[in-house]
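What follows is a single structure, written as structure tokens, with notes after it.
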Amino acid sequence: MCRISLARVSQLVKKETDRFVKDWLKDSLQASWHWYRYEYGVQRGSIHCHGVAKLKNDPGLCSLTEKALKGYLASKYRYGKTKYAV
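First residue of the sequence shown? That's 1138 in the working numbering, and the numbers climb one at a time after it.
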């Protein structure tokens, strides 16, 4: 039976994540920025990574989301179905 320490596993995951960021996010997908963090699962202690990146071909999802939300809230407000003002 092979036992690998938690520190060693963390090093391996970080190494693979760094490689993914360089090869895919930066080189292939041309991300203009990225952010990620590591987290350990509460029950099993398994490490995993959460992250987000802004890609070069992003059509402006933040502004599109704001526009959609304003339209949704306006339609709800117009028909008196919500307490939220636009």
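Where is the CB? At the ideal position from N, CA and C, for every residue including glycine.
Exercise for review: Kindly list the residues whose CB is nearer than 6 angstroms to the CB of THR1154, restricted to its own chain and excluding five residues on each side of it in sequence; keep chain order.
Suggested key: Result list for THR1154: CYS1186, in chain order.
Exercise for review: Tell me, to the nearest whole angstrom, how far the beta carbon of TYR1177 is from that of SER1183; I am working on the premise that it is less than 8 angstroms.
Suggested key: Contact between TYR1177 and SER1183 holds, with the beta-carbon distance rounding to 7 angstroms and staying under 8 angstroms.
Practice item. With a 10 Å radius around its C-beta and 16 neighbouring C-beta atoms as the bar for buried, classify LEU1201 as buried or exposed. Key: Exposed, because fewer than 16 other Cβ atoms sit within 10 Å of the Cβ of LEU1201.
**Study point:** LEU1206 burial status per 10 Å Cβ neighbour count (16 or more: buried)
**Key:** Around the beta-carbon of LEU1206, fewer than 16 other beta-carbon atoms lie within 10 Å, marking it exposed.
Review point. Comparing alpha-carbon positions, which option in ASP1164, GLN1180 and TRP1172 lies nearest GLY1188?
Key: Distances from the alpha-carbon of GLY1188 to those of ASP1164, GLN1180 and TRP1172 put TRP1172 closest.
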